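Have a look at the structure below, then the notes.
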Amino acid sequence: ADAAPAGVVRRQVHDIPMISPWVVEHRLHQRRCGCGQVTAAPAPPGVSAPAVYGPNLRALAAYLVVFQHLPVARAAQLIADVTGARPSTGWISSVLGQVAGVLGDVEKLIKTLITLAHVIHVDETSSNINGSRWWLHVACTETLTAYHLHPSRGRAAVTEFDVLPAFRGTVVHDALAVYDAYPMPGTPCAARTWPASWSPPPRPTPTRTGPNKPSGRCTGSTLPPTMPASSDNTRSRRRSPNRY
């Protein structure tokens with residue numbers, strides 16, 4: 005106890021508090037007029053039922069399903085396990101519709117900016133929706149992405165997506181025949197159209213000017229060979245009819 009102080013060593017524990025839902029009760033007073041008419045005070049925005057979930061839980065539900073790609077049932081279970089609130093899967097589904105409605109103008113702006121870009125990438129991938137096969141269409145730049153879910157892979161979905169009909173730049177795509185119907189220069193995605201028999205050359209070995217000192221130059225070319233214009237794989241994909 006009598007020793008001279010020699011400094012302080014710090015140890016920090018970073019944690020979060022235990023999460024539990026808290027309830028705010030709004031009491032809407034009613035008054036009866038002399039004529040018998042009863043008038044009640046209006047409820048605050050978003051309080052449309054005797055018991056509702058607030059904006060933070062709505063935001064969490066949308067984040068888990070839309071950004072983290074959790075199924076609705078698992079998102080409901082996670083919210084219940086972590087927060088103690090027990091929303092139903094139906095409630096989470098309704099929240100997604102509300103959020104989509106709020107972001108309608110944002111979606112239009114993103115699609116407009118994509119349409120005005122010089123180069124975009126488009127693609128489509130299948131998704132199981134309630135046991136049925138749907139297609140998730142995507143159009144994107146380096147910084148913007150727009151999605152469109154549709155039961156069709158073909159022209160009806162692409163036209164409804166409303167990006168390619170007005171686009172006049174260069175599109176990178178997988179050579180699906182449906183893209184040939186739109187007036188823009190197309191560039192097939194190399195990862196999709198290289199022949200299956202082609203393999204990249206071995207990685208070149210850097211030359212060295214001294215022990216463990218790369219010279220910054222490589223022997224050999226690092227560029228892949230040019231894709232043959234008459235590749236059977238390219239021809240078959242470009243000429244395949246759109247069956248969807």
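Count along the sequence shown starting at 1, add 4, and that's the number in our numbering.
For every residue, glycine included, the Cβ atom is placed at its ideal position computed from N, Cα and C.
On a predicted model such as this, the values are computed, not experimentally measured, just so you know.
Shortest alpha-carbon distance to Ile3 belongs to which of His177, Leu107, Arg36, Ala79? Because the chain spans 5 through 248 in this model, residue 3 falls outside it and cannot be assessed.
Report the partner residues of Val142 according to the DSSP bridge assignment. Looking up residue 142 in the sequence shown gives position 138. BP columns for Val142 point to Asp127, Tyr151.
Beta-carbon proximity of Ala45 to Leu32, cut-off 7 angstroms: Here the question's residue 45 lines up with position 41 in the sequence shown. Here the question's residue 32 lines up with position 28 in the sequence shown. Yes, Cβ-Cβ distance for Ala45 and Leu32 is below 7 angstroms.
For the alpha helix (DSSP H) that contains Val106, what are its first and last residues? Residue 106 sits at position 102 when you count from the first residue of the sequence shown. For Val106, the enclosing alpha helix (DSSP H) starts and ends at 93-106.
Quick check on Val86: buried or exposed, where buried means 16 or more other Cβ atoms within 10 Å of its Cβ? Here residue 86 refers to the residue found at position 82 of the sequence shown. With fewer than 16 other beta carbons inside 10 angstroms of its own, Val86 counts as exposed.
Ordered along the chain, which non-local residues of its own chain (more than five positions away) have a Cβ less than 7 angstroms from that of Thr145? In the sequence shown, residue 145 corresponds to position 141, counting from 1. Here the set comprises Ile118, Ala121, Ile124.
Pull up the distance between the alpha-carbon of Ala160 and that of Pro49, whole angstroms please. Numbered from its first residue, the sequence shown carries residue 160 at position 156. Numbered from its first residue, the sequence shown carries residue 49 at position 45. Each residue's alpha carbon lies about 39 angstroms from the other.
CB of Leu148 within 7 angstroms of CB of Ile114, strictly: For this step, residue 148 is matched to residue 144 along the sequence shown. For this step, residue 114 is matched to residue 110 along the sequence shown. Result yes, Cβ atoms of Leu148 and Ile114 sit closer than 7 angstroms.
Where Asn132 sits in the DSSP three-state scheme: By one-based count along the sequence shown, residue 132 stands at place 128. Three-state DSSP puts Asn132 in a strand.
Quick one: using the 10 Å Cβ neighbour count with 16 as the cut-off for buried, is Pro91 buried or exposed? For the purposes of this step, residue 91 is identified with residue 87 of the sequence shown, where counting begins at 1. Classification for Pro91: buried.
Do Ala79 and Val69 have their CB atoms nearer than 7 angstroms? Taking the sequence shown and counting its residues from 1, the one referred to as residue 79 is at position 75. Taking the sequence shown and counting its residues from 1, the one referred to as residue 69 is at position 65. Result yes, Cβ atoms of Ala79 and Val69 sit closer than 7 angstroms.
Select from Val103, Cys39, His73 the residue whose C-alpha is nearest the C-alpha of Leu61. Looking up residue 61 in the sequence shown gives position 57. Each of Val103, Cys39, His73 was checked against the Cα of Leu61, and the nearest Cα belongs to Val103.
Does the Cβ-Cβ distance between Ala143 and Val162 come in under 7 angstroms? Sequence index remark: in the sequence shown, residue 143 carries index 139 (1-based). Sequence index remark: in the sequence shown, residue 162 carries index 158 (1-based). Judged by their CB atoms, Ala143 and Val162 are not nearer to each other than the 7 angstroms cut-off.
Of all the options Thr129, Ser98, Ile23, which has the alpha carbon lying nearest to the alpha carbon of Val56? Here the question's residue 56 lines up with position 52 in the sequence shown. When C-alpha distances from Val56 are compared across Thr129, Ser98, Ile23, the shortest belongs to Ser98.
Under the assumption that Gln34 contacts Val42 (Cβ atoms under 8 angstroms), give the Cβ distance between them as a whole number of angstroms. In the sequence shown, residue 34 corresponds to position 30, counting from 1. In the sequence shown, residue 42 corresponds to position 38, counting from 1. Gln34 to Val42, Cβ: 6 angstroms. Contact.
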